[in-house]
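Residue numbers (the working numbering), protein chains in the order written: chain A, -17 to 419; chain B, -17 to 419. All C-beta atoms, glycine included, are put in the ideal place defined by N, C-alpha and C.
If you want it as structure tokens, here you go:
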């Protein structure tokens, strides 16, 4: 491959993208980033400028972690094939993965994406219940297949939502439903789900499952106490449905205290889906469930995935899990996460437009408001802050129901020194960014 | 990772699979193969035994091709991220891929699997036509998502087929529909499709697309003349529908004379989907279409795929395409394919149970029958032949409407010497395998 000595300009890359990919293929930031290199928590652009990556969860144990790269290289050099032949690495991986779960989780399917995993999970619910009705929260994202995009209100499906799909408002600890908090908030959420179950049963579709991110990551990770989901869990089980926990974002130790988001909140799901960080960027996803549910799914549907669980993908996932464990990155997420969140809380005392600081482990953020009394979302301001941070060399982004929450979710090898740089830069940017343009 | 000095037994691996993966996860052959190494057209089992791989199309340019491995290693060591940042490699790849297509193909989406590609293709058809009705052939396989598994009669969907799905019998050159051949056969196929279009329009679902493998690979790759699909193409276009060509199996030069199956048969599809061989085993798929259709899809649906088109996957796909071209593997497929098919035809003169020899390039096979007059499928015999070939060190398999066709589809670096070994082994196995047990 010949390369020009000068890197291509941003404009030329954007032109090629528009021509080759079509319209509506967004990039991050007003000035899109052309990245060429990554290492640990750092990425470099084509001009050689270095950025602190406080956003990307896919390179979970750090960009280009040498042990993961080596595992991919060794296995790709040795053999890559599919699961119609016997191979140990997928089995080794599933065993080590299952060791991080509690009973009754005992079985898994490996896929190539979290979308594929959620697509299977919905069919597991159908296989178990004989019904198709599914309930999701209203600002979530569970993936891009035809079936799964039915769940996402921020990526609405072609042709509209099916009759089998119902949405409930996600919990919002900063602006709780009906102004309620604590147990009343939890019961209000469960009641919403009960109403939708009743609708589905009345409509004849029947109720199969509730699918949720147990951390409500896309919905601004509300600050919910352990046990918050107990009432909704009871409602789902009483209706004969199953719970699918989408662990694509909170999973793999990101929350610091627990390997999985459902363990953190105290939820007991029936099916768990995994994606993004599972293999540090190699295309892998997985569905984890009980022996019983797996048997019902496998008996009802003949699933095969050519690339799913191939030796190279399995080696990448296994290396990622081992690095996570051997480098104590979950503990690191807990310690550094708490340190960083404390720093954010101090900034919230200084700046009136930081309405709320939320999150745990290495997944947290700050909700920007016009003032702390009205809690009116400062969406446009949050966007300017994220863009200015990028200009200052720190990558983060914004999300939440109002897109006004700064989202901080760095690779798991994020240290206190990195946190200091993040906090100092954020302080400087908040100082100089006007709330109103 | 500690390893026992002795490789695990087949029994222990099967036990672990049953425990960890659940039931109904099939392996190839009566004696499943535990593969540990691959190189070019060769694979090795855990006992060190070497097999000639005449079956696997995923390692398209040869198992563990060093240039593909090196491309993966280099890029995985440098940066892996997603397409919300700018990166050249996906653009370079799409440009080089599109150079192998004719107008109006000008745009692509990269995915992680062929299933994801077909799942998108169906939505493109919906975006363009505003309708959902789809027609597929009756013994095909287009993938494993909820939406796409609706198309596959050999992997029936949970809950049955949707009202929007219709199947037509695949062409069968050995047992043509109504005994017709040539133009009459082609017209009969087109008439079947017209009838299903009429049904869909009458039902109110409307007709959006015909999806076919232009080589009808899973259906025993019938021997069809160029232009065979002209009548059906006319029928689809007149009805305002689009044609999706699933090139997962015939694509990337496998047929020897053309890069794509649709070019070989003279079909002009609107959307083309790619998978398995695209990146020599790295999880990649793609959808290729016109600028116009891409714009309609992108305007109707906000598609994003976290792993799709990432720099490592793009580097793997780019290296695979470049090796294919620079090592002239398409030309090799034409020459060696013709040589091997000729050898098979000679075997068909010797053995009465070889009813038909079909195929082109490095994708061909021999249909086993009880006798050439009745053409009764010798399915059980074909299965024994495939198993005995495996015992003799040559990997192939069987497929087709009656599962009685030996399927030969080796990596594209298959040589005449490999063909000789295949043919000699097959001759020896056919000689000693009784037609009836």
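DSSP places residue 55 (chain A) in the helix class (H, G or I) of the three-state scheme. Listed along the chain, the chain B residues whose CB falls inside 8 Å of the CB of residue 140 (chain A) are 105, 108, 109, 282 and 283. Around the beta carbon of residue 327 (chain B), fewer than 16 other beta carbons sit within 10 angstroms, so the residue counts as exposed.
For the pair residue 49 (chain A) and residue 348 (chain A), the CB atoms are not nearer than the 8 Å cut-off. Among the residues of chain A, those whose CB is under 7 Å from the CB of residue 2 (chain B) are 73, 76, 77, 89 and 90, following chain order. Interface criterion not met: the Cβ of residue 239 (chain A) is under 8 Å from no Cβ in chain B. DSSP, reduced to helix, strand and coil, places residue 246 (chain B) within a helical segment of the structure shown.
Between residue 268 (chain A) and residue 140 (chain B) the beta-carbon gap is near 20 Å, outside 8 Å, which marks them as no contact. Under the 8 Å criterion on CB atoms, residue 295 (chain B) is classed as interfacial with respect to chain A. Put simply, of B:395, B:3, B:195 and B:416 the residue whose alpha carbon is nearest the alpha carbon of residue 122 (chain B) is B:195. Look at the beta carbons and you see the region 93 to 100 of chain A not touching the region 151 to 162 of chain A: under three pairs across the two are nearer than 8 Å.
Residue pairing from DSSP places residue 349 (chain B) in a beta bridge opposite B:338 and B:387. Per DSSP, residue 363 (chain B) is one residue of the alpha helix (DSSP H) stretching across 361 to 373. Taking 8 Å as the threshold, the shortest C-beta distance from residue 385 (chain B) to chain A does not fall below it.
A distance below 6 Å between beta-carbons, with the five flanking residues on each side excluded, links residue 131 (chain B) to the following residues of its chain, in chain order: 137 and 139. Distance from the Cα of residue 270 (chain A) is smallest, within the candidate group B:2, B:-5 and B:395, for B:2. Distance check between residue 230 (chain A) and each of A:259, A:202 and A:212 places A:259 closest, using alpha-carbon atoms only.
Flagged as an interface residue toward chain B: residue 289 (chain A), by a C-beta distance shorter than 8 Å. Taking a Cβ-Cβ cut-off of 9 Å, residue 232 (chain B) has no neighbours in chain A, whose nearest Cβ is about 16 Å from it. The beta carbon of residue 336 (chain A) sits closer than 7 Å to the beta carbons of 329, 330, 348 and 350 from its chain, once the five residues preceding and following it are set aside; these are given in chain order. Beta-bridge analysis with DSSP links residue 285 (chain B) to no other residue.
Residue range 96 to 111 is occupied by the alpha helix (DSSP H) that includes residue 111 (chain A). With fewer than 16 other CB atoms across the displayed protein chains lying within 10 angstroms of its CB, residue 358 (chain B) is exposed. Per DSSP, the unbroken alpha helix (DSSP H) holding residue 72 (chain A) starts and ends at 70 to 80. Taking the CA atoms as reference points, residue 218 (chain B) sits about 38 Å from residue 182 (chain A). About 6 Å separates the CB atoms of residue 43 (chain A) and residue 306 (chain A); that is less than 8 Å, so the two are in contact. Under DSSP, residue 148 (chain B) shares a beta bridge with B:117. Taking C-alpha positions only, residue 91 (chain B) is separated from residue 291 (chain B) by approximately 8 Å. Residue range 164 to 185 is occupied by the alpha helix (DSSP H) that includes residue 171 (chain A), with no beta strand (DSSP E) assigned at that position. Taking C-beta atoms under 8 Å as the contact rule, residue 227 (chain A) and residue 244 (chain A) qualify, at a distance of about 4 Å. DSSP links residue 125 (chain A) through a beta bridge to no other residue.
Residue state for residue 12 (chain A) is assigned as coil, using DSSP reduced to three classes.
Distance from the CA of residue 401 (chain B) to the CA of residue 107 (chain B), rounded to the nearest whole angstrom, comes to 41 Å. In chain B, no part has a C-beta under 9 Å from the C-beta of residue 122 (chain A); the shortest such distance is about 14 Å. Counting only residues of its own chain and dropping the five nearest sequence neighbours on each side, residue 206 (chain A) has a CB closer than 7 Å to the CB of 153, 155 and 247. Here the alpha carbons of residue 35 (chain A) and residue 119 (chain A) stand approximately 29 Å from one another.
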